[in-house]
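One structure is given below, encoded as structure tokens.
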Amino acid sequence: AKKQGKDQLAVFEPAMRESFQKHLELEADLRRAVLRHEFELRFQPIVRLRTEEISGLEALVRWQHPERGMIPPLEFIPLAEETGLIVPIGEWVLREACRQAARWNAQRQDGTPLTVSVNLSAVQLDRADLPRLVESALADSGLPARCLIIELTESLLVDHRPETLRRLQEIKALGVRLAIDDFGTGYSSLAYLRNFPVDIIKIDKSFVDDIGDLPAAAALTLGIIQLGQALQLSTVAEGIEDAGQLSELAGGNCELGQGYYFAEPLTTAAMDNLLFPNPPP
Ligand code: C2E
Ligand code: CA
Ligand code: CA
Ligand code: CA
Numbered sequence: 468a469k470k471q472g473k474d475q476l477a478v479f480e481p482a483m484r485e486s487f488q489k490h491l492e493l494e495a496d497l498r499r500a501v502l503r504h505e506f507e508l509r510f511q512p513i514v515r516l517r518t519e520e521i522s523g524l525e526a527l528v529r530w531q532h533p534e535r536g537m538i539p540p541l542e543f544i545p546l547a548e549e550t551g552l553i554v555p556i557g558e559w560v561l562r563e564a565c566r567q568a569a570r571w572n573a574q575r576q577d578g579t580p581l582t583v584s585v586n587l588s589a590v591q592l593d594r595a596d597l598p599r600l601v602e603s604a605l606a607d608s609g610l611p612a613r614c615l616i617i618e619l620t621e622s623l624l625v626d627h628r629p630e631t632l633r634r635l636q637e638i639k640a641l642g643v644r645l646a647i648d649d650f651g652t653g654y655s656s657l658a659y660l661r662n663f664p665v666d667i668i669k670i671d672k673s674f675v676d677d678i679g680d681l682p683a684a685a686a687l688t689l690g691i692i693q694l695g696q697a698l699q700l701s702t703v704a705e706g707i708e709d710a711g712q713l714s715e716l717a718g719g720n721c722e723l724g725q726g727y728y729f730a731e732p733l734t735t736a737a738m739d740n741l742l743f744p745n746p747p748p
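Sequence positions in the sequence shown follow full-length UniProt numbering and run 468 to 748.
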């Protein structure tokens, strides 16, 4: 069987060989990136739609590759999950997001404290020590648990292990809130709302995109918002890009939203400037 494996390698098409080579290279680069701390966070404001004030931030990871420049998450998160590297990367994201949010909240005098939302991968949820990690990220940063929101995708909840629910309940017991990301794109979204201790639903961008063009998309979006209200969940609309989408969502009583219409994901420095505009000299 070994020999056959070798023969198969020998008949690799050049294009296949190249992509295989690239994959290996990227994997080696990613291992190095973890050791060298090549990751950065961007923060996108989550806005109260009625008043347009900032209610929280979503932390989004970037890889600053020394030769290739900025690599977006969709280009390395799958590889990071495959290789298990998402565990140290995800730990850094969580700790760094909590640390920055605590720093911003300490600087803000007025208003309610900002929340910070962190995306979690299924691989991280498979680890028994996840609740302890969350607890330690909160303790080390001083961020109150009610300010942390963990975002989970529906696909993560599809074929969850029995331990997953217990782990999520442990995390919730700390006072942390849970959000379902990309809501409406899975094939049994409603089941998760019944089975998981969720606090927030994030309406997927694909619904918001079509609000102005497709009456069905608008009706579905308003339906999801009403569902959230009936279950006393917060609703966040993702990917708001224009005023028409905003007024439709705000009119439908969607509580929160994020999107380029308000702000792109910002560097820490840009977020500093947004939250604390420099007084004129
Ligand atoms: P997501 O959690 O659904 O994040 C929202 C994505 O939509 C972000 O892309 C954000 O930049 C983008 N976005 C926000 N507003 C708009 C808009 O108005 N228009 C458009 N076209 N896009 C908008 P990003 O940062 O490239 O992240 C992509 C995905 O990568 C995220 O989707 C999330 O699933 C994953 N991801 C990002 N950071 C992390 C992380 O730290 N850990 C894990 N496990 N996954 C992450
Ligand atoms: Ca998210
Ligand atoms: Ca999302
Ligand atoms: Ca999405």
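C-beta: ideal position from N, C-alpha, C; glycine also.
Look up residue i in the DSSP assignment and give the residues it is bridged to.
i	result
residue 749	With the chain covering only 468 through 748, there is no way to say anything about residue 749.
Gln-511	Glu-525
Thr-582	Gly-523
Ile-617	Val-585, Leu-645
Lys-669	Val-703
Leu-592	Paired residue(s): none; Leu-592 is not in a bridge.
Leu-723	Arg-515, Val-703
Are there any heavy atoms of ligand 3 lying less than 7 Å away from the beta-carbon of residue i, as far as the coordinates show?
i	result
Ala-676	For the sequence presented, residue 676 should be read as Asp rather than Ala. Outside the cutoff, so no.
Asp-739	no
Glu-708	no
Glu-731	no
Glu-705	yes
Identify the continuous beta strand (DSSP E) that holds residue i and give its terminal residues.
i	result
Ala-646	644–650
Ala-730	Here Ala-730 belongs to no beta strand (DSSP E), and DSSP marks it neither H nor E.
Ala-704	701–704
For the alpha helix (DSSP H) that contains residue i, what are its first and last residues?
i	result
Asn-662	656–662
Thr-550	544–550
Ala-568	553–574
Asn-740	735–742
Glu-602	597–608
Glu-715	710–718
Leu-635	629–640
Leu-689	682–697
Could you check whether the Cβ of residue i sits closer than 7 Å to any heavy atom belonging to ligand 1?
i	result
Leu-516	no
Ile-668	no
Ser-622	no
Lys-672	yes
Glu-563	no
Ile-553	yes
Leu-541	yes
residue 749	Nothing can be reported for residue 749, as the shown portion of the chain is limited to 468 through 748.
residue 431	What the structure shows of the chain is the stretch from 468 to 748, and residue 431 is not part of that stretch, so it cannot be assessed.
Ala-683	no
Q) Is the stretch 715–724 in contact with the stretch 539–553, if contact means three or more CB pairs nearer than 8 Å? A) Contact between the stretch 715–724 and the stretch 539–553 is absent: fewer than 3 CB-CB pairs across the two stretches fall below 8 Å.
Q: Could you tell me whether the stretch 687–700 touches the stretch 727–740, using the rule of 3 or more Cβ pairs below 8 Å?
A: Result no; under three Cβ-Cβ pairs closer than 8 Å.
**Q.** Contact between the stretch 638–645 and the stretch 669–676 (3+ Cβ pairs under 8 Å)
**A.** As far as the Cβ criterion goes, the stretch 638–645 does not touch the stretch 669–676, which means the pair count is below three.
Q. With a cut-off of 8 Å, do at least 3 Cβ pairs link the stretch 516–536 to the stretch 552–565?
A. Touching, yes.
Q. In chain order, what are the residues with a CB under 5 Å from some non-hydrogen atom of ligand 2?
A. This criterion selects Asn-586, Glu-618, Asp-648.
Q | Validate contact between the stretch 564–580 and the stretch 595–614 using beta carbons, cut 8 Å, 3 pairs | A | Taking 8 Å as the limit for Cβ pairs, the verdict is that the stretch 595–614 does touch the stretch 564–580.
Q.
Measuring CB atoms only, is the stretch 617–632 touching the stretch 656–663, in the sense that at least three cross pairs come out at less than 8 Å?
A. Three or more Cβ pairs closer than 8 Å define a contact, and the stretch 617–632 meets that threshold against the stretch 656–663.
Q: Count the CB pairs spanning the stretch 527–541 and the stretch 499–512 that are closer than 8 Å, and state whether there are at least three.
A: Taking 8 Å as the limit for Cβ pairs, the verdict is that the stretch 499–512 does touch the stretch 527–541.
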